[in-house]
Every structure is written in C-alpha cells, then in structure tokens.
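Residue numbers (the numbering used here): 6 to 202.
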C-alpha cells in the first residue's frame, strides 16, 4: 500500500511572498502539486480548465458550496474562489502531497474541515520589510498599503495557531525550510498507514 499524501497549507500576509516561495517549492520537490481552485471569474487568455482553475458560474459555485464540496472558499474582487475537496482527496489518496496557497482566513477554514492538514505560516522578517515589499509592487495606493499592513499585524498575531512558521527573509532559505517541512511530514506515520507491513 502506498503512503497517503499530505495537505500542506501555506499562508501569510499579503506581500510576504507566498506565490514566489510555493512556486520555488513546487520546482524543487517531487510528488507535490498545487491545488486547482474553482472560481467564478472569467477565464483569461492562455488559462486552461482544470490546470489553472475550474471555471464555474455563480450558480454552480453556490450549489457546490451548499453541498459542502469545498475545503475552504472566499470572495475576492467580486468573484468566488474555493478549494474542491474531492480533487484534493483524490491526489492525497494517490500519494501526492497537495499545497494550498491561501489567505489566513481560508487556512482557518481548512483547519476546521481537515484537522490533519499541515499549516505553515509564512512571516516577513519585519513589518518594515513587508511595507517595503508592498510598496515595490507599485500596484496600490499608500492607503491600500496601510490597510494591508494593518491586516498583516492582525494575521501575524494568529501565527501560534499554525504548525510551522517560516520567516521569508531570504527566498532560497524559505523555500529550503518549506522543503524540509514537506520531507519531515512524509516521514510521519499517518492514519491509514497501519496496514503497511
């Protein structure tokens, strides 16, 4: 019997580098896939159904939500996003680790629905460094940056609710630390492994 995969959640404040770090992790670690979310936003040029997202109407999304088909879901910029539980379960049962790169609120939903999930909080080295990163994006006003920083302060206060904290001061080091966590989790004995010789 093959080992089960793990559900690995990477979260942290906006601008901390979740996308960069998880992208690096995916290129470094085998048998690890990024979760494919369901969304109600329109498909963009070059996106592929089932690879980038599962594209659904608002009505379809609402039905899926009411039927409890999501591990977590949220609204962003007027569109809905959710993590399909059946897709994640299928991958985990086949021995693939699944990584979710989501917001802190979504991570708390996953903790409720999937207590075996491994929750990793990605922290900035300081609030000043986070502010600098947000400003470098040059996509938001000073007012929006201030709001994101205020939200980040609240989110960082919750980091004790997570299994691991990785400080993203150096991208390569943060990716390496995440890889170590994935490898360590693979060595843990999981429910369902008791049938192996």
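No residue lacks a Cβ here, since even glycine has one placed at the ideal position from N, Cα and C.
Note that the coordinates shown come from a computational prediction; the quantities given were computed from them, not determined experimentally.
Fully enclosed alpha helix (DSSP H) runs of no fewer than 4 residues occupy 90–98, 109–118 of the segment 81–137, in order along the chain. The segment 99–112 makes no contact with the segment 136–143: fewer than 3 CB pairs, one atom from each, lie closer than 8 angstroms. With fewer than 16 neighbouring CB atoms inside 10 Å of its own CB, residue 48 falls in the exposed class. Here the segment 75–88 makes no contact with the segment 27–34; the two share fewer than three CB pairs at distances below 8 angstroms. Between the segment 14–28 and the segment 171–190, the count of C-beta pairs closer than 8 angstroms reaches three or more; the two stretches touch.
For residue 12, the enclosing beta strand (DSSP E) begins and ends at 12–16. Looking only at 150, 46, 159, the smallest Cα-Cα distance to residue 82 is reached by 46. With contacts defined by Cβ atoms closer than 8 angstroms, residue 17 and residue 127 form a contacting pair.
Only residues of its own chain outside the window of five on either side were considered, and among them 45 have a CB closer than 7 angstroms to the CB of residue 62, listed in chain order. Rounded to the nearest whole angstrom, the C-alpha separation of residue 170 and residue 113 is 15 angstroms. Distance from the CA atom of residue 41 to the CA atom of residue 67, rounded to whole angstroms, is 18 angstroms.
In terms of Cα proximity to residue 85, the closest of 158, 15, 58 is 58. Here residue 104 is not near residue 172, since their CB atoms are 8 angstroms or more apart. Between residue 109 and residue 160, the C-beta spacing is below 8 angstroms. With contacts defined by Cβ atoms closer than 8 angstroms, residue 69 and residue 93 do not form a contacting pair. Classified as buried, residue 150 has 16 or more neighbouring CB atoms from the shown chains inside 10 Å of its CB.
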